[in-house]
Amino acid sequence: MTKRIVIPGELVTEERKKLGSHVFVSEGKIYSDSMGLVNDEADFASVVPLEGKYMPEQGDLIIGVIGDEKFSVYMVDVNSFYQTAISKKELREMLKPGAVISAKVSRVNELNEVDLENPRAFFGGEIIELSPVKIPRFIGREASMLNLIKDWTKSNIVVGRNGRIWAKGGDTDLLKKAVKKIDKEAHMENLTNRMEEFLEKNAPKNGVKKEVMEEDMEEGEN
Amino acid sequence: MGKKVQEITYVDSKGKRLDGRKVDELRPIKIKVGVIPRADGSAYLEWGQNKVYASVHGPRECLPKHTANPYKAVVKFNYRMASFSVPDRKNPKPGRREIEISKVSGEALERAIFLEKFPNTQIDVNVEIVDSNAGSRIAALTAASVACADAGLPMRDMVCGTGVGRAGGKIIVDLTKDEEDAPDAVDIPIAILPNSKEIVLLQLDGVMPKKEWEKAYEMAVDASMKVYEVQKQALKDKYLNGDDKK
Chain A
8 MTKRIVIPGE
18 LVTEERKKLG
28 SHVFVSEGKI
38 YSDSMGLVND
48 EADFASVVPL
58 EGKYMPEQGD
68 LIIGVIGDEK
78 FSVYMVDVNS
88 FYQTAISKKE
98 LREMLKPGAV
108 ISAKVSRVNE
118 LNEVDLENPR
128 AFFGGEIIEL
138 SPVKIPRFIG
148 REASMLNLIK
158 DWTKSNIVVG
168 RNGRIWAKGG
178 DTDLLKKAVK
188 KIDKEAHMEN
198 LTNRMEEFLE
208 KNAPKNGVKK
218 EVMEEDMEEG
228 EN
Chain B
13 MGKKVQEITY
23 VDSKGKRLDG
33 RKVDELRPIK
43 IKVGVIPRAD
53 GSAYLEWGQN
63 KVYASVHGPR
73 ECLPKHTANP
83 YKAVVKFNYR
93 MASFSVPDRK
103 NPKPGRREIE
113 ISKVSGEALE
123 RAIFLEKFPN
133 TQIDVNVEIV
143 DSNAGSRIAA
153 LTAASVACAD
163 AGLPMRDMVC
173 GTGVGRAGGK
183 IIVDLTKDEE
193 DAPDAVDIPI
203 AILPNSKEIV
213 LLQLDGVMPK
223 KEWEKAYEMA
233 VDASMKVYEV
243 QKQALKDKYL
253 NGDDKK
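What follows is the structure in structure tokens.
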């Protein structure tokens, strides 16, 4: 299963295939509309994008940051085109600007404006950003990648579809390195296997934490 | 006024031009993708002496709000020349020329991007010319289109182009400043979508007979396709370079 990289306007296939995402038809041929990967053996002619902004969809779990506070609502930055509002009634806690919440997208209108439901406030922790188109790689097939990372870092992780990962506790430094690796190598195959190797190599071991880290650093250089 | 100093031969008997190129040869082009980390997409381009940075931000909320279009995104193209990009210092205030180029280049890009997917938003394209020597508007557009692809915007096609024109009675591709200053010079910047060969930008200074234009157009399309190959390679290199390490 080899995949090839295509650029916008590049031919995906001349065959008549079912249309997947990020493709368009012109004069009977199927072209890609963005930078991405094509699997020529698949039944669907589709492109997995490598770049792009977050396009909200109904049912997405997203991670938002509280910006402004109005009389009865909080304005939330959801890393999309516009800010969105959540009612103060839905949250038990008082929130300040900069507070982190997770919520589900209940509705998206034709202008890509978002309505949220089921907000939940987070305390502490940190947000790690990753391109929204690479979030599926971070989760992996049947959450394989996410479970692998959770096993090694022991962090509490909540993944937002909008390109934000909230993490608390555990080895967040290792998590950040892992996210960086996914960001760099999202277009390459066998990412989960390579991630396992990477984590094994970089994870500080109990007791001899420091020494192992230093050794690994040197190995990493070579 | 003064006497004619010297007749310059723009194309010699061997078909070589002032800088040693053939009539249908482009200046060397180099493109690097993703040079500005804070931008959604960016590109750096060197085309002969032209040096161009392009960055793309968005699609994002359209401000001021009265400029928004509820049916499609608005492309806000900014072509700016650095004050040190030309031999004599250029006033950094955007002049007539820059505003015009911003308008036509923005319209060329609009044709390539699927704007209707992002209603009510704007796409900011900023192009800074750091060094210039004729053909900078096409260099700007070429870099901008690479930056748009790097930003992950859904596009019908890339935008590629070249300058074409006449100097010393010969039709030549990708004129330099010296050739543009020829007494009979005609300069035509032209940009196309490589798949459909649709013209998205065409400007003309001077007068040109129809026959010459037909020949010039063919040469311009051929040269533009070479530019397209460079763009394609630059975009793919961003990812393929990673493969070498593993």
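Protein sequence lines, in the order shown, are assigned to chains A and B. Residue numbers 8 to 229, in the numbering used here, belong to the letters of the first sequence in order. Residue numbers 13 to 258, in the numbering used here, belong to the letters of the second sequence in order. Glycine is no exception: its CB is placed at the ideal position from the N, C-alpha and C atoms. Source: prediction; values computed, not measured.
Excluding sequence positions up to five before and after residue 57(A), its CB lies within less than 6 angstroms of the CB of 42, 43, 194, all in the same chain and listed in chain order.
Residue contact check for residue 244(B) against chain A: a CB pair falls below 8 angstroms. Residue 78(B) is bridged by DSSP to nothing; it lacks a bridge partner. Short of 6 angstroms from the beta carbon of residue 138(B), and not among the five residues preceding or following it, lie these beta carbons of its own chain, in chain order: 67, 90. By the neighbour-count definition (other C-beta atoms within 10 Å, threshold 16), residue 32(B) is an exposed residue.
At a C-beta separation below 8 angstroms, residue 248(B) has these neighbours in chain A: 12, 14.
Interface with chain A (8 angstroms Cβ-Cβ cutoff): residue 237(B) is excluded. As DSSP reads the structure, residue 32(A) sits in a beta bridge with 37(A). Taken in chain order, the members of the segment 190–209 of chain A whose beta-carbon sits within less than 7 angstroms of a beta-carbon on chain B are 191, 192, 194, 195.
For residue 164(A), the beta-bridge partners assigned by DSSP are 174(A).
By the neighbour-count definition (other C-beta atoms within 10 Å, threshold 16), residue 38(A) is a buried residue.
Sequence-ordered contacts of the segment 51–64 of chain A with chain B read 56, 57, 58, 59, 60, 62 [C-beta pairs closer than 9 angstroms].
Residue 109(A) and residue 130(A) do not touch by the CB rule: their CB atoms are close to 12 angstroms apart, not below 8 angstroms.
By the C-beta density criterion, residue 204(B) is buried, having at least 16 other C-beta atoms within 10 angstroms. For residue 78(A), there is no enclosing alpha helix (DSSP H), as DSSP marks it with neither H nor E. Counting every other CB atom within 10 Å of its CB across the protein chains shown gives residue 103(B) a total below 16, marking it as exposed.
For residue 26(A), no CB of chain B lies under 8 angstroms from its own CB, so it is not counted at the interface with that chain.
In this structure, residue 55(A) lies away from residue 19(A), with their beta-carbon atoms at least 8 angstroms apart. The beta carbon of residue 120(B) sits no closer than 8 angstroms to any beta carbon of chain A.
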